[in-house]
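Chemist: Residue numbers (my numbering), protein chains in the order written: chain A, 1 to 234; chain B, 1001 to 1098. Got a structure for you, written out below as structure tokens; questions coming shortly.
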Amino acid sequence: MPTRSTGAETGGSGKPFLPVHEAGRFGQFEEETQEREAATLGMWTFLSSEILFFGALFAGYFIYRMFYPGAFAEASGHLHRGLGALNSAFLLVSSVTMSLAIRQAALGRGRALATCLGASAALGAAFLVVKGYEYGLEAREGLVPFPGWEFRPPGVEGANVDAQRLFFILYFILTGIHGIHLAIGIGLVSWMAAGALFGVFQGPRSMAVELVALYWHFVDLVWIFLFPMLYLAR
Amino acid sequence: MGAYLLTGLVLLALLGLNVWLSFLLEDIPWALVPLIGIAAVQAVLLAVFLMGLSHAGKVAWIYVGTGTFLLIIACLTLADYFTRTSPLADDPPRAGFR
Chain A
1 MPTRSTGAET GGSGKPFLPV HEAGRFGQFE EETQEREAAT LGMWTFLSSE
51 ILFFGALFAG YFIYRMFYPG AFAEASGHLH RGLGALNSAF LLVSSVTMSL
101 AIRQAALGRG RALATCLGAS AALGAAFLVV KGYEYGLEAR EGLVPFPGWE
151 FRPPGVEGAN VDAQRLFFIL YFILTGIHGI HLAIGIGLVS WMAAGALFGV
201 FQGPRSMAVE LVALYWHFVD LVWIFLFPML YLAR
Chain B
1001 MGAYLLTGLV LLALLGLNVW LSFLLEDIPW ALVPLIGIAA VQAVLLAVFL
1051 MGLSHAGKVA WIYVGTGTFL LIIACLTLAD YFTRTSPLAD DPPRAGFR
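What follows is the structure, given as structure tokens:
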């Protein structure tokens, strides 16, 4: 008597399941397009969770800005607008070099890919250096609101001090978390730049560059909003 | 390639415009609105031309659509929150530090 197949051993596709190490170039996926779609879906899902995370902090900022508009505007005046603008320019240019990197990866140009990725990482690192310098200036001006630091913004007294403390707590949390995200991005991009020199991440394997680029652009997007919120509205 | 460079130049120009506007609108309470508006334009340009949404698949657009919907909902909720006063509170929070 013939036995009927349940389809479980083939996943219904007619092809037998294989262990991942035997499955060929695309692992458990049938073709490159399917792998690419799954990876893109995963990255967008991750970015959505990040948007919700930053969204809560942004909402907190806007609520307190509505409560204490004068104090927040005054506190913003203590920040260094020029350094913030310089950092914005670094990140915007790094997004362009990141997009160029995707193109070079698709074309299989290893050296050009490494150059574009290296430029992105260098611009990101420059951002962190300027941010570190800025934090140093703010610490010297008595603008750090955390325990162990004396919070004494110049020329501010009374109840205004508490509202300005709130601004600087939000400022350091928002920019600090953004900085951590950027540092992770720099690590990933540097690793890819090194790999690109040895012929990795090109042609069919350029998908990894596209995914990291999405993350990089997201970090840039967050800063695009942080800059006017924290530095410009005064 | 040219489109990327052009987008980069437009983004830098908008950054310059935003900084210039911030000097112009100093001490004006509603200054945040146009400044965030310009930032939103920058974000859309970056998402469409550099993040590749202009030629992205359906998955990306589903996420963008959902995000836009969530943003609208969040704005409506915040608008309600900011315009509502509690009959129990003699001193609503916005009258606090100022």
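Virtual Cβ for every residue (Gly too), placed ideally from N, Cα, C. Note that this is a predicted model, so its numbers are computed, not measured.
Rounded to a whole number of angstroms, what is the C-alpha to C-alpha distance between Met207(A) and Val96(A)?
Modeler: Each residue's alpha carbon lies about 18 Å from the other.
Chemist: Span of the alpha helix (DSSP H) holding Glu210(A)?
Modeler: That run of the alpha helix (DSSP H) goes 207-227.
Chemist: Whose C-beta lies closer than 7 Å to the C-beta of His78(A) among residues of the same chain, with five residues either side of it excluded?
Modeler: Once the five neighbours on either side are set aside, the close Cβ partners of His78(A) are Glu141, Leu143, Pro153.
Chemist: For chain B, check one thing: does any of its Cβ atoms lie closer than 8 Å to the Cβ of Glu32(A)?
Modeler: Not one chain B Cβ lies under 8 Å of Glu32(A).
Chemist: From Asp1027(B) to Val1033(B), what does the alpha carbon distance come to, in whole angstroms?
Modeler: Whole-angstrom Cα-Cα distance: 13 Å.
Chemist: Does the beta carbon of Arg165(A) come closer than 8 Å to any beta carbon on chain B?
Modeler: No, Arg165(A) does not count as interfacial toward chain B.
Chemist: DSSP three-state label for Gly199(A), please.
Modeler: In this structure, Gly199(A) counts as coil in the three-state DSSP scheme.
Chemist: Which value, in whole angstroms, describes the spacing of the CA atoms of Met43(A) and Glu210(A)?
Modeler: Roughly 10 Å separates the two Cα atoms.
Chemist: Could you check the C-alpha separation between Glu157(A) and Ala163(A) for me, to the nearest Å?
Modeler: Glu157(A) and Ala163(A): Cα-Cα distance of roughly 11 Å.
Chemist: Within the 8 Å Cβ cut-off, does Phe1082(B) reach chain A?
Modeler: Judged by the 8 Å Cβ criterion, Phe1082(B) is in contact with chain A.
Chemist: Give the residues from the segment 87-98 of chain A that approach chain B closer than 8 Å (Cβ to any Cβ), ordered along the chain.
Modeler: Those would be Ser88, Ala89, Leu92, Val93, Ser95, Val96, Met98, in chain order.
Chemist: Whole angstroms is fine: what's the gap from Ala106(A)'s alpha carbon to Tyr135(A)'s?
Modeler: Rounded to the nearest angstrom, the two C-alpha atoms are 39 Å apart.
Chemist: Figure out for me which residue from Leu1015(B), Ile1036(B), Gly1067(B) has the closest Cα to the Cα of Leu52(A).
Modeler: When only C-alpha atoms are compared, the closest one is Gly1067(B).
Chemist: Going by C-alpha to C-alpha distance, which of Tyr68(A), Gly55(A), Glu35(A) sits closest to Ile1072(B)?
Modeler: Cα-wise, what sits closest to Ile1072(B) is Gly55(A).
Chemist: Can you give the Cα-Cα distance for Ile173(A) and Glu50(A), rounded to whole angstroms?
Modeler: When rounded, the distance between both Cα atoms is 15 Å.
Chemist: So what's Leu158(A) in DSSP terms, helix, strand or just coil?
Modeler: Note on residue identity: the sequence assigns Gly, not Leu, to residue 158(A). Gly158(A): coil per DSSP, three-state reduction.
Chemist: Roughly how many angstroms separate the alpha carbons of Ala23(A) and Leu232(A), rounded to a whole number?
Modeler: Legend: pLDDT at Ala23(A) = 48, less than 50; position of this residue unreliable, value from coordinates given subsequently. One C-alpha to the other measures close to 54 Å.
Chemist: Going by the beta-carbon positions, is the gap between Pro204(A) and Leu1035(B) smaller than 8 Å?
Modeler: Contact: no.
Chemist: Can you give me, in chain order, the residues of the segment 67-82 of chain A that have a beta carbon less than 8 Å from any beta carbon in chain B?
Modeler: Flagged, chain order: Phe67, Tyr68, Pro69, Gly70, Ala71, Ala73, Arg81.
Chemist: Check the Cβ of Ser1022(B) against every Cβ in chain A and list those closer than 9 Å, keeping chain order.
Modeler: Near Ser1022(B) (Cβ distances below 9 Å), the residues of chain A are Arg81, Pro228, Tyr231, Leu232, Ala233, Arg234.
Chemist: Could you tell me how far apart the beta carbons of Ala236(A) and Ala193(A) are, in whole angstroms, since I believe they sit closer than 8 Å?
Modeler: Nothing about residue 236(A) can be reported from this structure: the residues present for chain A run from 1 to 234 only.
Chemist: Are the CB atoms of Leu83(A) and Val130(A) within a distance shorter than 8 Å?
Modeler: A contact, by the Cβ cut-off of 8 Å.
Chemist: Quick one: is Gly1002(B) near chain A, going by C-beta distance under 8 Å?
Modeler: Taking Cβ atoms only, chain A never reaches closer than 8 Å to Gly1002(B), which makes this a no.
Chemist: Please report whether the beta-carbon of Val1048(B) lies at a distance below 8 Å from any beta-carbon of chain A.
Modeler: Chain A, which has no Cβ nearer than 8 Å to the Cβ of Val1048(B), makes this no.
Chemist: Could you check the C-alpha separation between His80(A) and Phe1082(B) for me, to the nearest Å?
Modeler: Answer to the nearest angstrom: the Cα atoms are 30 Å apart.
Chemist: Which full runs of the alpha helix (DSSP H) of 4+ residues lie inside the segment 77-126 of chain A, going along the chain?
Modeler: Within the segment 77-126 of chain A, the complete alpha helix (DSSP H) runs of at least 4 residues are 81-107.
Chemist: Under 8 Å Cβ-Cβ, which residues of chain B neighbour Ile51(A)?
Modeler: Near Ile51(A) (Cβ distances below 8 Å), the residues of chain B are Gly1067.
Chemist: Take Leu1053(B) and list the residues in its own chain whose beta-carbon comes closer than 7 Å to its own, dropping the five residues that flank it on each side.
Modeler: Closer than 7 Å at the Cβ level, and outside the excluded window around Leu1053(B), lie Ala1047, Ala1060, Val1064.
Chemist: Could you check what DSSP says for Asp1027(B) in three-state terms: helix, strand or coil?
Modeler: It is coil, neither helix nor strand.
Chemist: Please classify Gly185(A): is it buried, with 16 or more other beta-carbons within 10 angstroms of its beta-carbon, or exposed?
Modeler: Burial call: buried.
Chemist: Pick helix, strand or coil for Trp149(A), following the three-state DSSP scheme.
Modeler: Looking at Trp149(A) - three-state DSSP - the assignment turns out to be coil, as it is neither helix nor strand.
Chemist: One question on the structure: do Gly60(A) and Leu221(A) come within less than 8 Å of each other, judged by their Cβ atoms?
Modeler: Contact flag unset, no.
Chemist: Against chain B, does Arg109(A) count as a neighbour if the rule is that its beta carbon must be under 8 Å from one of theirs?
Modeler: No, Arg109(A) does not count as interfacial toward chain B.
Chemist: Verify the CB distance criterion: does Ile1072(B) have a CB-CB separation below 8 Å to chain A?
Modeler: It does not: the Cβ of Ile1072(B) has no partner Cβ on chain A nearer than 8 Å.
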